[in-house]
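See structure below.
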Amino acid sequence: MGRLEDKVAVITGAGRGIGREIAMLMASEGARVVVNDLGGNTDGTGTGKSADDVVAEIKTAGGEAVSNTESIAETRGGESLLQTALDNFGGMDILVNNAGILRDKTIFNMEEADWDAVINVHLRGHYCCSRPFAKYIRQNNRTGCRIINFSSVSGLYGNFGQANYGAAKAGIAGFSRVLALELAKYGCTVNTISPGALTRMTIPLRENRGEEVGEEDMETGGPQHVAPICAWLATEEAAGITSQIFHTGRGGVGIMQQPVVIKQFRKTEGTWSLDELDRCVPQLLEAKKANEEAAKETGKMNDW
Ligand SMILES: NC(=O)c1ccc[n+]([C@@H]2O[C@H](COP(=O)([O-])OP(=O)(O)OC[C@H]3O[C@@H](n4cnc5c(N)ncnc54)[C@H](O)[C@@H]3O)[C@@H](O)[C@H]2O)c1
-15 MGRLEDKVAV ITGAGRGIGR EIAMLMASEG ARVVVNDLGG NTDGTGTGKS
35 ADDVVAEIKT AGGEAVSNTE SIAETRGGES LLQTALDNFG GMDILVNNAG
85 ILRDKTIFNM EEADWDAVIN VHLRGHYCCS RPFAKYIRQN NRTGCRIINF
135 SSVSGLYGNF GQANYGAAKA GIAGFSRVLA LELAKYGCTV NTISPGALTR
185 MTIPLRENRG EEVGEEDMET GGPQHVAPIC AWLATEEAAG ITSQIFHTGR
235 GGVGIMQQPV VIKQFRKTEG TWSLDELDRC VPQLLEAKKA NEEAAKETGK
285 MNDW
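Under our numbering, think of the first position of the sequence shown as -15, with each following residue one higher.
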C-alpha cells in the first residue's frame, strides 16, 4: 500500500525536471496525478507535449495520471487544474507549485517583458493555482490537503543577474507563510521547497563555467533527489508540519531558518540619534555575524 493511496495530486511544470520526478514518485506511492506542463522553453516561450509523455510513463509503470497543458500563469490555467482533477479523479488533495522559467539579466538590461514573464509564471502562478484550490478546500471542508511551493536560494539569499526570479522566489516564501496561516483552520499545510538539482534550468550554468555534466553528475545531483521530501510532505506523517522551508538536493535534506530578529536595543526615551546609531548598528551586525557563524556550523551536511 502506497503512502499516497486515495490522494489526488496536481503538479505544475511536471513535464520534465523536478516536477516530473515528483509526479512519478507520488504516482508510485498511489496518488492519482494531474501532470501539468505548458511544454515550452526555459525562457517561457513555446509550447509542447511533455506532460503527455510523463502521463504515458506513469501509466506504463502502473500508475494513474492525466495531462493538463494550460499555462499556470493565467487565472484560467490555475482554475483548469482543479477542474481536470475533479473531472478525472473526483477531487483534489495536493498541489505542488513547481512550474518555472528563467530570464536572467542584470537590472541594466532587464526589460519589462523579462520582469513580467518571470514574475507571472512564478509568483502569479502560485496565486493562480492556489486560490481555486484554497476555495475548494474551504467550500468542501476537505481536510488533510497539502500545498507545496517552490522558492530558491536565488531569492532567499540573493543571486547576481536574477532580480526578477529572486523577487518572485522571495515573494513565494512570503506567500507560503501567509497561506499556511489562512489554511491552518482547514488542516491544509503549506510548505516551501528550496531545491538544488541539475535540470535544463541549471545545467547550462554549469556548462557556461566550462564544467561538463555527465551521467554520474545526474545520478548524484539530478532532480530525483528533490522529489522525496515533496512526496513525504504530502503524506499523513507530515500533518501539522506547515510554514517551513526545506532545502534539498544532491542527497541533502535540510530546514532553513526564517526571518527573525536576532538582537535589538530599545531607546526608553526619545528617538535614536544618528550618533547613537553609530555605536548601535555595529553591535547589531556583530550579533548577526555570530548567528550566521553558528548556523553555518549546524547547517553543515551530516551523513545519515
Ligand atoms: N533546478 C534547480 O536547481 C532549481 C533551483 C532553485 C529553484 N528551482 C525551481 O524548481 C522548479 C522546477 O525547476 P526545474 O529545475 O525542474 O526546471 P525545468 O525547466 O526542468 O522544469 C520547469 C517546467 O515548468 C514548465 N513551465 C514553465 N512555465 C509554465 C507555465 N506557464 N505553465 C505550465 N508549465 C510551465 C516548463 O515547461 C518545464 O517543464 C522551478 O520553480 C524552479 O524555479 C530549481
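Where a beta carbon is used, it is the ideal one built from N, C-alpha and C, also for glycine.
- Distance from the CA atom of Pro243 to the CA atom of Asn52, rounded to whole angstroms, is 36 angstroms.
- In this chain, Thr90 is not harboured by any alpha helix (DSSP H), its DSSP state being neither H nor E.
- Here Asn143 carries a coil assignment [DSSP, helix/strand/coil].
- Asn124 has its alpha-carbon roughly 43 angstroms from the corresponding atom of Gly145.
- Looking only at Gly283, Gln248, Glu281 and Gly254, the smallest Cα-Cα distance to Glu270 is reached by Gln248.
- Pro212 and Arg234 have their C-alpha atoms roughly 12 angstroms apart.
- Closer than 7 angstroms to some heavy atom of ligand 1: that does not describe the Cβ of Met240.
- Inter-residue distance for Glu200 and Gly283 is about 25 angstroms (C-alpha atoms, whole angstroms).
- Apart from sequence neighbours up to five positions away, the residues of its chain that approach Thr127 with a beta-carbon distance below 6 angstroms are Gly171, ordered along the chain.
- Thr176 is the residue among Ser12, Asp259 and Thr176 whose C-alpha sits nearest the C-alpha of Gly238.
- In the pairwise beta carbon analysis, the stretch 71 to 79 is classified as touching the stretch 110 to 117: at least three pairs are separated by under 8 angstroms.
- Ala83 is positioned such that its CB atom lies closer than 8 angstroms to that of Val105.
- DSSP places Arg122 inside the alpha helix (DSSP H), whose first and last residues are Gly109 to Asn124.
- In the three-state DSSP reduction, Gly235 falls in the coil class, being neither helix nor strand.
- Burial state of Gly(-3) is buried, judged by a 10 Å Cβ sphere holding 16 or more other Cβ atoms.
- When the alpha-carbon of Gly3 is set against those of Asp262, Leu182 and Gly254, the nearest one is in Leu182.
- Between ligand 1 and the CB of Ser114, the shortest heavy atom gap is not smaller than 7 angstroms.
- Proximity of the stretch 219 to 235 to the stretch 191 to 198 falls short of the contact definition, fewer than three beta-carbon pairs being nearer than 8 angstroms.
- The distance from the Cβ of Tyr149 to that of Leu189 is about 12 angstroms, inconsistent with a contact at the 8 angstroms cut-off.
- Per the C-alpha coordinates, the member of Ala278, Val245, Gln241 and Thr255 positioned closest to Val137 is Gln241.
- Note on the stretch 210 to 269: whole beta strand (DSSP E) runs with a minimum of 3 residues are 229 to 233 and 236 to 239, in chain order.
- The Cβ atoms of Leu163 and Ile131 sit closer than 8 angstroms to each other.
- Looking at the DSSP output, Thr173 sits in a beta bridge with Arg130.
- The alpha helix (DSSP H) runs lying completely inside the stretch 8 to 87 and spanning 4 residues or more are 34 to 44 and 59 to 73, given in chain order.
- As far as DSSP is concerned, Ile2 takes part in no beta bridge.
- Taking a contact as a CB-CB distance under 8 angstroms, the pair Ala11 and Gly47 counts as one, their CB atoms being some 3 angstroms apart.
- Taking C-alpha positions only, Val245 is separated from Glu281 by approximately 20 angstroms.
- Within the same chain, Asn81, Asn133, Ile156 and Phe159 come within 7 angstroms of His110 by CB-CB distance, once the 5 residues on both sides are set aside.
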